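K.L.:
Number of protein chains: 2
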Amino acid sequence: MGRKPTKLKIIPLGGLNEIGKNMTAIEFKDEIIIIDCGLSFPEDEMLGIDMVIPDISYLLKNKDKVKGIFLTHGHEDHIGALPYVLKKINLPVYGTRLTLGLVEIKLKEHKLSNVHLQRVTPGDSIKMGSFAVEFIRSSHSIPDACCIAIHTPLGVVFHTGDFKVDYTPIAGEMIDLHKIAELGQKGVLVMLADSTNAERRGATMSEKKVEATFQNIFRNTKQRIIVATFASNVHRVQQVMDAAQQHNRKVVVSGRSMVNVVGVAEELGILTLPENLLIDIDEMDQYQDHELVIITTGSQGEPMAALSRMASSEHKKLEIQKGDLVVFSSTPIPGNEKLVSRVVNQLFEKGADVIYESLAEVHVSGHACQEELKLMHRLVKPKYFIPAHGEFRHLMKHAQLAEDLGMDKENIFIAQNGSIIEFTKDSAKINGSVPAGRVLVDGLGVGDVGNIVLRDRKHLAEDGLMVVVVTITKESGKIVAGPDIISRGFVYVRESEVLMVEAKDVVKKALELCEQQNQREWAILKNAIRDGLKDFLWEKTKRRPMILPVIMEV
Amino acid sequence: MGRKPTKLKIIPLGGLNEIGKNMTAIEFKDEIIIIDCGLSFPEDEMLGIDMVIPDISYLLKNKDKVKGIFLTHGHEDHIGALPYVLKKINLPVYGTRLTLGLVEIKLKEHKLSNVHLQRVTPGDSIKMGSFAVEFIRSSHSIPDACCIAIHTPLGVVFHTGDFKVDYTPIAGEMIDLHKIAELGQKGVLVMLADSTNAERRGATMSEKKVEATFQNIFRNTKQRIIVATFASNVHRVQQVMDAAQQHNRKVVVSGRSMVNVVGVAEELGILTLPENLLIDIDEMDQYQDHELVIITTGSQGEPMAALSRMASSEHKKLEIQKGDLVVFSSTPIPGNEKLVSRVVNQLFEKGADVIYESLAEVHVSGHACQEELKLMHRLVKPKYFIPAHGEFRHLMKHAQLAEDLGMDKENIFIAQNGSIIEFTKDSAKINGSVPAGRVLVDGLGVGDVGNIVLRDRKHLAEDGLMVVVVTITKESGKIVAGPDIISRGFVYVRESEVLMVEAKDVVKKALELCEQQNQREWAILKNAIRDGLKDFLWEKTKRRPMILPVIMEV
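Written out as structure tokens, the structure is:
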């Protein structure tokens, strides 16, 4: 009997069945490398949660195997979990200029100073044990994005990262189709590819497309212009800066992340700014409206972002003026539609004019549509395919697209986070799984808020609570103080005095009954209070506040 | 000096700066009539709220003047507040067949039996004091929708209701453009018009357009077909029924409101069903998959609706099977995108195929786009114009459209809910306002949940709460029991024992300090507990749970 063949394992720890917290482990023998390390934003039902990060217990269990983290690009859903992961395993981190520039800001905020960051240039190949990790220039809605090809003893794993095919990028070179074609020609074992826009026909427009719209807007506007966009979309920012320069306007940069990213991008030479283009927010009064552009965060309607604060008159230094032209150079991320809409309405109410995507071509997507995906599949010609970076519906559509291109259904793996996809030279299968749940971050707590806490928050959010306190004597069990009732989030107490008095009576009666039956056990007393009140309140209000009975003994 | 001229007042009590709770009061001398009486669904921040209805305190104050309610159509945002309003003022209600059919269901649910419902037919004119209220056939995403022309001594008030111009309606006649043209020719004082789609270019497609898509789907499907749509869109339901009949499928009706509406619509002769087309859900097993269509509620991803329950395996009688074809014949209402997306993903995971609007023409809007609005403005030729039924952004775009058609800016009124728009024969102005806030309905409570309760719910939702109870003696103020600490929605207590012990110490120390300073006032003790704990918890967790100190005295 021969030895078992060594297996290559691909384990997505995030990014499947969601557009968020991307993280993929690639394992061969006693070596693991990681592609991306992102966070996702909380779902609506995750009340009070700040962010969600991948469960890395598999990596912690195999700490000695894990060699390094390789980043495709600098978006939060690809780098946002780094501080949390690096606090648990200190690993070298590899990425391009801007990617690491953004990582540095993040690590500084978390006071992490002893991390080894290794800057790479597209075209670089990093040798790491049995792996050689090759960075390949790509295009996306952030500069310096890469595809990553991992050369393993069993073949090449090609990870597209987030990409689109932009034939006329704003700066730098195009996505390296030649390199990708070459890899495909030599043979690729498996491809993981971006599925975000797998439902959309055609091709995503070039970032360049936005230029004409901006030119038009700047040419025809005599007022102040305020442009909201993602800070990380440096090429968009560049286009706004260029238009401002051409139309003799000064630029004010507003919003913490916008200031951060513009600073880093300029320092790294990614953003090219003419001298004296930028002015400080305090210098604005030296200029007339037609000489000003404000570029700001808040394009998703985030309540704390600069634009939202301007719209609701809560910004310290900037007020919306009648006639301001506000451009949303963005599209609402699913779930943010109402937030954006609210800000748009507030801006209109303040007398601003507002331009947004449904009205003009002021935004393009960063993800490949179907025709671009087809190009990628045809160039890479992978033997196996794992649709990645998408909700289930997107993964399904992407798998369908691959099938339509002639790929064998058996060679396509729609996996779950945590699935172990196991490869030999000429076979592949899903073989078991590792833990890969969602770890919730709330303040300083990582993972300490789980289903029970969330269930309680939901209950409290919907109907509030009622605390019932009663003090009894140790000896006789007689009530010596209370019952006192305190409610929050239930009814407006001042207008519900009768209800509260009746509620107290209900509690008293429940306790009297217990006394008559000689019940002294706290659990029974508490249940009696809870049940009595619950029925009473439901009948009176059709609400179910959380009821917290507290018994004190003296 | 002559007498002051009698004024006509139009007072929108809802429906402005929102798409919801439509209600407009029209007042002349000592008579008020009301157009529509709708609810709106709660905003995200209205935690635990069931629905929002208009503030009718102005009407209650002028109870004797109010003569009747006239309904344009049967959607919730036009009839949903009726039970609440009728409980306060019993008024005759006028509406067309289906509109009153739906009202009856609603009143029955609220056990309101003594309401005078007066059925009208398009073309009817109701004389009511100084007013004559004329119902004019319109088209919308529900049958029997009307425009309403109110003839007053000062001129005609023309209210479009919700409308589109459908040149090829599914059943019945077209929107009565001739009547509208005639009114316009004779002279209209003021028009209130639907602004929902004022941002959209072109014209809304005919309901008929969906037929071809359905035919295609039914022709090419061998599996079970499940169609989700709004129950009230009876013409859509009719098209599904027709396609089922043509392709030899039986139809199961699923979901409470779908069952209700199909029943009412068939009874009224609005829905035409061949005999033996409908089968009971329990008869399904007598048919093969290709012989079945299920028409269901849940097209908005509402968690309790039938489709969502099928998708999450919580439906008692229906399970999604591999191969089922689910058609979302709808578009997500803003804010519902993620709910719909979740159901779509669950359906795909269960092996169903899913068709939704972005993939096929399975839905059309019920509201007029810009070209239809232009037609309406040109036909009605009103002297004054009040854009209605829209968020502020929509009202602005609609006003702009009217201006572009040559209307004088001075004659367009962008009003607020509660604005009094006052007309004489040849003048108009906004002259003051009446109360017109939002009344929140939570269970049986109407208006008892306000900002304070909502603020508490939000606080509880985000960080939970901590109750601190301590019993002291009346004489000495010494602690004789506690402090006890109970938390909910804050941390998972079993894994945070140390934190809870430390928190107790913090409280003890705070109370000891008070004792040393001989402080006995409860307010001061409570503040000491609150402040001490707040700082401690923030430092340890960066969270701010609600802290509820309770002091018992024995």
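Chains as they are written, first to last, in UniProt numbering: chain G, 1 to 554; chain A, 1 to 554. Where a beta carbon is used, it is the ideal one built from N, C-alpha and C, also for glycine. All of these numbers come straight from a predicted model, not from anything done at the bench.
#1: Count the other C-beta atoms from every protein chain shown that fall within 10 angstroms of the C-beta of residue 39 of chain G, then say buried if there are 16 or more, exposed otherwise.
#2: Using a Cβ-Cβ distance under 9 Å, would residue 197 of chain A count as near chain G?
#3: Evaluate residue 402 of chain A with the Cβ neighbour count: other Cβ atoms within 10 Å of its Cβ, from every protein chain shown; 16 or more gives buried, anything less gives exposed.
#4: Taking the C-alpha atoms as reference points, what is the distance between residue 553 of chain A and residue 494 of chain G?
#5: For a contact defined as C-beta to C-beta under 8 Å, what are the partners of residue 491 of chain A on chain G?
#6: Measuring only the C-alpha atoms, how far is residue 356 of chain G from residue 337 of chain G?
#7: If we ignore side chains and look at the alpha-carbon of each, how far apart do residue 223 of chain A and residue 239 of chain A end up?
#8: To the nearest angstrom, how far is the alpha carbon of residue 496 of chain A from that of residue 489 of chain G?
#9: Specify the secondary structure class of residue 84 of chain G as computed by DSSP and reduced to three states.
#10: Which class does residue 194 of chain A belong to by DSSP, given the choice of helix, strand or coil?
#11: Name the DSSP bridge partner or partners of residue 488 of chain A?
#12: Using a Cβ-Cβ cut-off of 6 Å (strictly less than) and excluding sequence neighbours within five positions of residue 28 of chain A, which residues of its own chain qualify?
#13: For residue 26 of chain G, list the residues DSSP reports as bridge partners.
#14: In chain order, which alpha helix (DSSP H) runs of at least 4 residues are fully inside the stretch 391-420 of chain A?
#15: Output yes or no for whether 9 Å exceeds the beta carbon distance between residue 187 of chain A and residue 374 of chain A.
#16: So residue 99 of chain G packs on residue 73 of chain G, CB below 8 Å; how close in whole Å?
#17: Is it buried or exposed for residue 517 of chain A, if we count other Cβ within 10 angstroms and need 16 for buried?
#18: My guess is that residue 514 of chain G and residue 528 of chain G are in contact by the Cβ rule of under 8 Å, so how many angstroms apart are they, rounded?
#19: Mind checking the stretch 27-59 of chain A against chain G and listing, in chain order, the residues whose C-beta falls within less than 8 Å of any C-beta there?
#20: For chain G, find out if any of its Cβ atoms is closer than 9 Å to the Cβ of residue 313 of chain A; answer yes or no.
#21: Residue 306 of chain G and residue 350 of chain G: beta carbons closer than 9 Å?
#22: Does DSSP put residue 377 of chain A in a helix, a strand or coil?
#23: Bridge partners of residue 54 of chain A, per DSSP?
#24: Output, in sequence order along the chain, the residues in the stretch 523-549 of chain A whose CB is closer than 8 Å to any CB in chain G.
#25: Is any heavy atom of the ligand FMN found at a distance shorter than 8 Å from the C-beta of residue 266 of chain A?
#26: Does residue 1 of chain A have its Cβ less than 9 Å from a Cβ in chain G?
#27: Should residue 194 of chain A be flagged as near chain G, meaning a C-beta pair shorter than 9 Å?
#28: Tell me which residue opens and which closes the alpha helix (DSSP H) that residue 514 of chain A is part of.
#29: Please identify the residue among G:317, G:135, G:204, G:385 whose C-alpha is closest to the C-alpha of residue 281 of chain G.
#30: Applying the 10 Å Cβ sphere with the 16-neighbour rule, what's the burial state of residue 1 of chain G?
#31: Suppose the cutoff is 7 Å on Cβ atoms and the five residues either side in sequence are ignored; what does the same chain contact list for residue 167 of chain A look like?
#32: Any beta carbon from chain G within less than 9 Å of residue 65 of chain A's own beta carbon?
#33: Does residue 423 of chain G come out as helix, strand or coil in the three-state DSSP assignment?
#34: Among G:274, G:291, G:289, G:301, which one has its Cα closest to the Cα of residue 255 of chain G?
#35: List the DSSP bridge partners of residue 558 of chain A.
#36: Under 8 Å Cβ to Cβ from residue 423 of chain G, same chain only, skipping five residues before and after it: list those, please.
P.N.:
Put simply:
#1: Counted from its first residue, the first sequence places residue 39 of chain G at position 39. Buried, because 16 or more other Cβ atoms sit within 10 Å of the Cβ of residue 39 of chain G.
#2: Taking the second sequence and counting its residues from 1, one reaches residue 197 of chain A at position 197. Not one chain G Cβ lies under 9 Å of residue 197 of chain A.
#3: Sequence index remark: in the second sequence, residue 402 of chain A carries index 402 (1-based). Counting Cβ neighbours within 10 Å, residue 402 of chain A comes out buried, since at least 16 surround it.
#4: Counted from its first residue, the second sequence places residue 553 of chain A at position 553. Counted from its first residue, the first sequence places residue 494 of chain G at position 494. Rounded to whole angstroms, residue 553 of chain A to residue 494 of chain G spans 23 Å at the Cα level.
#5: Locating residue 491 of chain A in the second sequence gives position 491, where the first residue counts as 1. Within chain G, the residues near residue 491 of chain A are 445, 448, 449, 453.
#6: On the first sequence, residue 356 of chain G is found 356 positions in, with the first residue counted as 1. On the first sequence, residue 337 of chain G is found 337 positions in, with the first residue counted as 1. Cα to Cα, residue 356 of chain G sits roughly 12 Å from residue 337 of chain G.
#7: Within the second sequence, residue 223 of chain A is the residue found at index 223, counting from 1. Within the second sequence, residue 239 of chain A is the residue found at index 239, counting from 1. Using only the alpha carbons, I get a separation of about 19 Å.
#8: Here the question's residue 496 of chain A lines up with position 496 in the second sequence. Here the question's residue 489 of chain G lines up with position 489 in the first sequence. Straight-line Cα distance between these residues: approximately 26 Å.
#9: Counting from one through the first sequence, the residue named residue 84 of chain G turns up at place 84. Correct three-state label for residue 84 of chain G: helix.
#10: Within the second sequence, the letter at position 194 stands for residue 194 of chain A. Correct three-state label for residue 194 of chain A: strand.
#11: Position 488 of the second sequence, counted from the start, is the residue given in the question as residue 488 of chain A. A:465, per the DSSP bridge assignment.
#12: Numbered from its first residue, the second sequence carries residue 28 of chain A at position 28. The answer, listed in chain order, is 8, 130, 152.
#13: Taking the first sequence and counting its residues from 1, the one referred to as residue 26 of chain G is at position 26. In DSSP, residue 26 of chain G forms a bridge with G:10, G:33.
#14: 392-404
#15: Residue numbering aside, residue 187 of chain A sits at position 187 when the second sequence is read from its first letter. Residue numbering aside, residue 374 of chain A sits at position 374 when the second sequence is read from its first letter. Cβ atoms of residue 187 of chain A and residue 374 of chain A: not closer than 9 Å.
#16: Locating residue 99 of chain G in the first sequence gives position 99, counting from the first residue. Locating residue 73 of chain G in the first sequence gives position 73, counting from the first residue. Yes, residue 99 of chain G and residue 73 of chain G are in contact; Cβ-Cβ is about 6 Å, under 8 Å.
#17: Within the second sequence, numbered from 1, the residue matching residue 517 of chain A stands at position 517. By the neighbour-count rule (16 or more Cβ atoms within 10 Å), residue 517 of chain A is not buried but exposed.
#18: By 1-based counting over the first sequence, the position of residue 514 of chain G is 514. By 1-based counting over the first sequence, the position of residue 528 of chain G is 528. At roughly 5 Å, the Cβ-Cβ gap stays under 8 Å, so residue 514 of chain G and residue 528 of chain G are in contact.
#19: 43, 44, 47, 48
#20: As a position in the second sequence, residue 313 of chain A is number 313, starting the count at 1. Closer than 9 Å: no.
#21: Reading the first sequence from its first residue, position 306 is the one you call residue 306 of chain G. Reading the first sequence from its first residue, position 350 is the one you call residue 350 of chain G. Not closer than 9 Å, so no.
#22: In the second sequence, residue 377 of chain A corresponds to position 377, counting from 1. Here residue 377 of chain A sits in helix by DSSP.
#23: Here residue 54 of chain A refers to the residue found at position 54 when the second sequence is read from its first residue. Residue 54 of chain A is bridged to A:438.
#24: 540, 541, 542, 543, 546, 548
#25: The ligand FMN is not part of this structure, which contains no ligands at all.
#26: As a first step, residue 1 of chain A must be located in the second sequence, where it is residue number 1. Here the model assigns residue 1 of chain A a pLDDT of 46, short of 50, so the residue's position is not dependable, and the following value carries that caveat. So, not an interface residue.
#27: Taking the first residue of the second sequence as 1, we reach residue 194 of chain A at position 194. Chain G contact via Cβ: absent.
#28: As a position in the second sequence, residue 514 of chain A is number 514, starting the count at 1. Residues 497-516.
#29: Sequence index remark: in the first sequence, residue 281 of chain G carries index 281 (1-based). Here the closest residue by C-alpha is G:317.
#30: If you number the first sequence from 1, residue 1 of chain G lands on position 1. Residue confidence is low: residue 1 of chain G scores 46 on pLDDT, short of 50, so the model does not pin down where it sits. No coordinate-derived value is stated.
#31: Taking the second sequence and counting its residues from 1, the one referred to as residue 167 of chain A is at position 167. Excluding positions up to five away in sequence, the list reads 174, 206.
#32: Taking the first residue of the second sequence as 1, we reach residue 65 of chain A at position 65. No, residue 65 of chain A does not count as interfacial toward chain G.
#33: Stepping through the first sequence from its first residue, residue 423 of chain G is reached at position 423. Residue state, collapsed to three classes: strand.
#34: Start at 1 with the first residue of the first sequence, and residue 255 of chain G comes out as number 255. Answer by Cα proximity: G:301.
#35: In this structure chain A extends from 1 to 554, so residue 558 of chain A is not present and cannot be described.
#36: Walking along the first sequence from the start, residue 423 of chain G turns up at place 423. Correct list, in chain order: 7, 8, 9, 10, 154, 155, 189, 190, 384.
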